[in-house]
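Respectively, the protein sequence lines represent chains H and W.
For the first sequence, counting from 1, position 181 maps to 181 in the numbering used here; every step adds exactly one.
So the number in the numbering used here is just where the residue sits in the second sequence, counting from 1, plus 1000.
Number of protein chains: 2
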Amino acid sequence: MNAGKELQLNGLLLIEQIQALGQLGADAENGGRTRIALTDAEKAGRDQVVDWMRDLDLDVQVDRIGNIFGTLRSPNDPGDQRPLMMGSHIDTVTNAGALDGCYGVLAGLAVIRAFRDAGVLPQRSITVAAFTNEEGVRYQPDMMGSLVHAGGMPLEEALDSIGTDGTRLGDELERIGYAGPLEPGAIAPHEYIELHIEQGPILEAEGKSIGVVENLQGISWQQVEIKGNANHAGTTPTRLRHDAGFVASAIVTALRAIAVETGSTLATVGCMKLEPNVINVIPRKATLTVDLRDPDEAKLVNAENRLSQYLGEIAEREGVSITTERLVRFQPVNFDASLADEIEASAQRLGLSSRRMTSGAGHDAQMIARIAPAAMIFVPSRGGISHNPREHTDDDQLIQGARVLLDVVSRRLGAS
Amino acid sequence: MNAGKELQLNGLLLIEQIQALGQLGADAENGGRTRIALTDAEKAGRDQVVDWMRDLDLDVQVDRIGNIFGTLRSPNDPGDQRPLMMGSHIDTVTNAGALDGCYGVLAGLAVIRAFRDAGVLPQRSITVAAFTNEEGVRYQPDMMGSLVHAGGMPLEEALDSIGTDGTRLGDELERIGYAGPLEPGAIAPHEYIELHIEQGPILEAEGKSIGVVENLQGISWQQVEIKGNANHAGTTPTRLRHDAGFVASAIVTALRAIAVETGSTLATVGCMKLEPNVINVIPRKATLTVDLRDPDEAKLVNAENRLSQYLGEIAEREGVSITTERLVRFQPVNFDASLADEIEASAQRLGLSSRRMTSGAGHDAQMIARIAPAAMIFVPSRGGISHNPREHTDDDQLIQGARVLLDVVSRRLGAS
């Protein structure tokens, strides 16, 4: 870096912007906020972010899926230079915290602000991206904007997505004025770095400040449906039962055993429904969801296979029929090793404790990793809580994460 | 029996009456019927049964909780003789079969008809009872009419019951014209015999025609609530989870183990609910119901204690809190041994296979057993199915059961 003046992160302003953005869509009652993608509340969030990009005199562009890009142009950029990209998203789930996604976008702006404040221009253009519909609350799939950007989903298919409220995504995008002219993928990143709260308890539990995210777990979601026979709870001997609810519970405990034995696989049953759901009737039907995750594809496949084998065994033993439907399947993502090394070195240089880790949640970075070297930096989440108004990271920790991001960016680029 | 003419059961008319009563409240779409206690549809059923009692020239009385009694008076009855009572109920669950309850009432009328057809009067009066609100769909508790009749619940408390639709039971009873003048319990039975479909699969599975019901299981209903921590399915290591859904499932499998080990205890989890019930969120809360039954009170208490111990262990191991609420608790009922012997002898005399058995479901007979020797006769239920339009017993089997009832009544009484 050609630093006539040192780059300094304005931590106070970063915290103020996080709080200000967190006021948009705020739920007065419970301290949360709801800015579901392409609603009026989320448009207000977009307008605010674009205003802040303009305050930094960035080149703001919006693509046809509504992704927003703010670019600090390098003097070396003839116009088609691949930028170093930072980013995340500003849409939220219902009744969310203020940090998920927003932190990565606003910390990206804080990094650019450091260049502006120092009067320094980078040797490569720097872009901050706010990707559309990362949460996937109203429109499926989640991480849609980055997926389309990376060429993983055709634009028209994404625009034709029908929401849980019956709306068409493309129409809502037009309605809020964020159906931009740019072709998705036109701004191809040279490298991509996403700063994010951990949304898990590991950094806090181990007292570490910085997570160096090496990889992102593969995710396997299935719905399992079990059909047995409804019968009277008082008159049907145990040996004659075909109890769909019992089988569902046995599957849950078998999944726990798989998780414990493998050590690396996470297994969660978040949803379960019994029918007819009457106290004295043996359930005729049970529906449950299975969420399996592992950073190693072979181990994830092994867990899926073990589950499948167990389903076959218990279906035969209990005289029920079991069908499964695959809902989501993402292979694990390995982030760029040299970027991870850079993040670790930056944390060390700044005197911050760090640990290598796996991202358990999905992030835009996993989509961008399809088209560019990508990496993630995590900061601690208190209690591992996220998607909740109680989501919290101390201001100091947020600022530390942004300083690591600035350090990585400035070392990766130099400045002119 | 002083039989100048032999008593003959008119099986055809019994089947016709079962079918005719089954038309009242019929659901056109699905072949079931809905005659919930004290609704207009159930009033129509009551009117029909009273008409049939009057056709037999019975002395019809209605008590203050709406129980209907039709009595064939013995010439030996000075007016206060304790009658031999048969009975059951004619209210139904939603979308019910035609047999549950109705069969016992109408078979009682068929027994009296046999006396009428033969021109024979019994040495003791015979009463057929149709008890109010056995099913407990709209007003709790179930078996209410027989419970009040047996002195187990104060009349005023029963009349003040508020239904799921906000109505007061006493008002609905007045509205349909079945708030009678008779004090509950005024007609105290000498003995009580209830003929009923098994509502379970045992007789069919063993190819037996008649169930000699020796006892009725004790019933223990609890609601169990588990509170853990909601956390992200992808970021929370297994060892840091407090998964209310996993604990609920572990309880279900532990209950199955208790049932298998004891051999006699039945354990059913009919209802389960997870919160927030989202695919990628570890459940923070789970609610489930536990239905435990055993014909032996000590074994039932043992099962309750084992469950309680398990709840304590798993709450500590998984770091969750568990609370339980008792919903229902009935001790087992032993029916009268000499009546059971009589039923078995009658089946044998009529050339019908039989087996001694336990009633798994609750019946009016268990309430009347508090005040008089009582017994039950079961006939097979196809597939054990009940509380369902697919509830079915072959006409031949229904007639066989009624012939056993007639034989038991006639031998128990003689006729004059």
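Note that beta-carbon positions come from the ideal geometry of N, C-alpha and C, so glycine has one too.
Since the structure is predicted, the reported quantities are computational estimates derived from the model, not experimental observations.
Same chain, Cβ closer than 8 angstroms to residue i, five either side skipped, listed in chain order
i	result
I1399 of chain W	L1009, G1011, L1014 and I1015
A26 of chain H	G32 and R33
V50 of chain H	V60, I68 and G70
D1419 of chain W	The structure shown does not extend to residue 1419 of chain W, since chain W is modelled only from 1001 to 1416, so the question has no answer here.
Chain H within 8 angstroms of residue i, Cβ atoms only
i	result
C1102 of chain W	no
A1365 of chain W	no
W1052 of chain W	no
D1059 of chain W	no
N1464 of chain W	The question about residue 1464 of chain W has no answer here: the residues shown for chain W are numbered 1001 through 1416.
R1329 of chain W	no
S1416 of chain W	Here S1416 of chain W scores only 42 on pLDDT, less than 50, and its place in the model should not be relied on; the value that follows carries that caveat. By this cut-off, S1416 of chain W is not an interface position.
P1141 of chain W	no
E1194 of chain W	no
G1185 of chain W	no
D1291 of chain W	yes
R1356 of chain W	no
T1323 of chain W	no
D1098 of chain W	In the sequence on display, residue 1098 of chain W carries Ala and not Asp. Not closer than 8 angstroms to any Cβ of chain H, the Cβ of A1098 of chain W fails to qualify, so no.
E1275 of chain W	no
L1300 of chain W	no
I1015 of chain W	no
V1408 of chain W	no
V1404 of chain W	no
Close Cβ partners of residue i (< 6 angstroms) along its chain, the five nearest in sequence each way excluded
i	result
N1280 of chain W	A1233
D63 of chain H	G180, L182 and P184
D1303 of chain W	Note that residue 1303 of chain W is Ala in the sequence shown here, rather than Asp. Contacts found: I1258, T1265 and L1292.
P276 of chain H	none
G1170 of chain W	L1159
Y139 of chain H	N133, S161, G163 and L169
I1385 of chain W	E1391
V93 of chain H	E135, V137 and H387
Near the ligand SAH: residue i beta-carbon under 7 angstroms from a heavy atom
i	result
V1049 of chain W	Annotation note on the ligand SAH: not contained in the displayed structure, which lists no ligands.
Proximity test, Cβ basis, 8 angstroms: residue i and chain W
i	result
I282 of chain H	yes
A369 of chain H	no
N231 of chain H	yes
L361 of chain H	The sequence shown places Ala at residue 361 of chain H, not Leu. So yes, A361 of chain H belongs to the interface.
N133 of chain H	no
A315 of chain H	no
N2 of chain H	Reliability fails at N2 of chain H, whose pLDDT of 46 lies under 50, so the model's placement of it is uncertain and the value that follows must be treated cautiously. Judged by the 8 angstroms Cβ criterion, N2 of chain H is not in contact with chain W.
V278 of chain H	yes
Q81 of chain H	no
M376 of chain H	no
G145 of chain H	no
L307 of chain H	no
I219 of chain H	yes
Q199 of chain H	yes
V260 of chain H	yes
R382 of chain H	no
S249 of chain H	yes
Close beta carbons around residue i, own chain, < 7 angstroms, minus the five adjacent residues each side
i	result
G1004 of chain W	Because G1004 of chain W carries a pLDDT of 48, less than 50, the predicted location of this residue cannot be relied on, and the following value inherits that uncertainty. Around G1004 of chain W: no qualifying Cβ.
E1313 of chain W	none
R412 of chain H	L84, E191 and E342
E344 of chain H	V212 and S354
Integer-rounded CB distance, given that residue j should sit under 8 angstroms from residue i
i	j	result
D1407 of chain W	S1354 of chain W	About 12 angstroms; that fails the 8 angstroms criterion.
T1132 of chain W	I1226 of chain W	Incorrect: roughly 37 angstroms between the Cβ atoms, too far for contact.
C1271 of chain W	V252 of chain H	Their Cβ separation, rounded to whole angstroms, is 16 angstroms, which puts C1271 of chain W and V252 of chain H out of contact at 8 angstroms.
Threshold first: 4 residues or longer. Then list the alpha helix (DSSP H) segments lying entirely within the stretch 88-172 of chain H, N to C. 102-118, 144-149 and 155-159
Is it the case that the stretch 1176-1193 of chain W contacts the stretch 1061-1070 of chain W, given that we only count it when at least three CB pairs across the two stretches are under 8 angstroms? yes
Cβ contact (3+ pairs, closer than 8 angstroms) linking the stretch 192-199 of chain H and the stretch 374-389 of chain H: yes
Identify every run of the alpha helix (DSSP H) within the stretch 305-381 of chain H, keeping only runs that are complete inside it and at least 4 residues long; order them along the chain. 337-349 and 364-368
Between the stretch 1285-1299 of chain W and the stretch 1215-1225 of chain W, do three or more beta carbon pairs fall short of 8 angstroms? Contact holds: three or more Cβ-Cβ distances are below 8 angstroms.
If we require 3 or more residues per run, which beta strand (DSSP E) segments fall completely within the stretch 1194-1260 of chain W? 1210-1216 and 1218-1227
Report yes or no: do three or more beta-carbon pairs, one from the stretch 74-90 of chain H and one from the stretch 357-375 of chain H, lie closer than 8 angstroms? yes
Please confirm if the stretch 1345-1359 of chain W is in contact with the stretch 1199-1208 of chain W, defined as three or more CB-CB distances below 8 angstroms between the two stretches. yes
Can you confirm whether the stretch 1332-1340 of chain W touches the stretch 204-213 of chain H when touching is taken to mean that 3 or more C-beta pairs between the two stretches lie within less than 8 angstroms? no
Between the stretch 1103-1112 of chain W and the stretch 1122-1131 of chain W, are three or more C-beta pairs nearer than 8 angstroms? yes
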